[in-house]
Amino acid sequence: MRFKDLSQLKRPEPLNISFGNLPQHILMAAYAKDKAFKISEHVASNFEESFEWYGFTLASTDHPELIVDIGLPKNDLNLPDYTSLGSIRIAEFHESLPEDVMINGWIHSHGALNYRHFSDTDDKNHLTVLDFVAARTRKSLSKKEIAIQDLVLLEKNRFVEKDLAKGSVSIITDGPIAEAKIMETVYGSFCYSIVIGDEGWHEQKIHYQERGVLSGHTALSSKAAQIEFVDTGRSVTQVDISTLQDEVQKKIKPHTDPPPELIERM
Ligand SMILES: [Zn+2]
């Protein structure tokens with residue numbers, strides 16, 4: 051058998067209808083940005099040295115894409131250039147939030163270091179945060195056809211066990227049909243990550259997760275993203291500053307004598 055054109059051998063593209071998008075850039079209240087840099091100032095002045103610290107970016111549940119605030123959890127360990135982050139800490143912090151506030155990412159500082167990009171440790175932390183945040187930032191993105199080889203269509207009460215043994219997927223309908231497409235919802239989630247430095251710089255990424263509800267097909271990706279600062283009418287007040295001062299005292303734990311295995315990981 052000969053084909054005139056190789057394209058004749060191609061299967062038709064699976065049907066894909068999209069009806070939602072994940073954010074392509076980060077929206078952040080100017081208030082949240084100012085607060086993040088204030089935390090760095092407090093860390094530097096409290097401990098007379100600049101340490102990495104981390105916090106969570108917070109959004110209102112009715113607008114998950116806009117960072118409106120920074121939440122400071124109890125940091126397990128703060129070293130000059132290493133910060134650790136675990137899923138138990140994220141869950142604990144999430145529990146402490148009001149019902150209408152959610153975590154949509156994390157932010158951390160590289161202190162006085164001029165290391166203006168994410169480290170390997172940061173990349174591991176991103177995945178930990180994404181894993182937790184994904185369930186909360188999830189939305190349906192598309193309906194996508196699942197290409198099934200050997201789809202078998204059967205009619206209710208009109209097949210025998212042997213018919214079920216055939217094919218890879220069987221659909222049992224209440225009437226005779228000749229053709230069927232199976233479309234699954236693809237859910238997408240995102241998580242922001244921002245790194246800042248004492249000198250005022252910031253870098254950021256968005257991490258994405260997509261998952262087909264039926265096939266279980268999961269894809270992870272990330273991209274460097276622009277950040278758009280939004281004036282939400284809120285600014286950092288003197289009260290905020292003294293509250294933050296107390297929080298930093300309580301939650302940031304500089305560790306000046308780390309165990310050797312941690313030094314190796316820095
Ligand atoms: Zn880092």
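Residues in the sequence shown are numbered from 51 upward in steps of one, following this note's numbering.
Cβ atoms here follow ideal geometry from the backbone N, Cα and C, with glycine treated the same way.
Straight through space, the alpha carbons of LYS231 and SER285 are spaced by roughly 53 Å. Counted as a single uninterrupted DSSP element, the alpha helix (DSSP H) harbouring VAL93 occupies residues 80-97. Just so you know, the alpha carbons of PHE182 and GLU115 end up roughly 16 Å apart. Distance from HIS257 to HIS176 at the Cβ level is roughly 5 Å; contact confirmed, criterion being Cβ atoms closer than 8 Å.
Residue pairing of HIS113 in beta bridges, as defined by DSSP: SER110. With a beta-carbon spacing of about 5 Å, LEU201 and VAL219 fall inside the 8 Å limit used to define contacts. Burial is judged here by how many other beta carbons sit within 10 angstroms of a residue's own beta carbon; GLU142 has fewer than 16 and is exposed. Here TRP156 is buried, its C-beta having at least 16 other C-beta atoms within 10 Å. Not a single unbroken stretch of the alpha helix (DSSP H) spanning 4 or more residues falls wholly within the segment 186-211. The alpha carbon of SER243 has as its nearest neighbour, out of TYR237, SER272 and VAL236, the alpha carbon of SER272.
Counting along the chain, THR223 sits inside the beta strand (DSSP E) bounded by residues 219-223.
THR293: member of the alpha helix (DSSP H) spanning 288-301, first to last residue.
If you draw a straight line from the Cα of ILE222 to the Cα of LYS216, it is about 13 Å long. Pairing HIS92 with GLU234, the inter-Cα distance amounts to about 49 Å. Closest by C-alpha distance to VAL236, out of GLU229, ASP172, LYS255 and GLY266, is GLY266. If the five residues before and after SER159 are omitted, its C-beta is found closer than 6 Å to the C-beta atoms of SER90, GLU102, TRP103 and ILE246, all from its own chain and listed in chain order.
Membership of ARG261 in the beta strand (DSSP E) is indicated by the continuous run 252-262.
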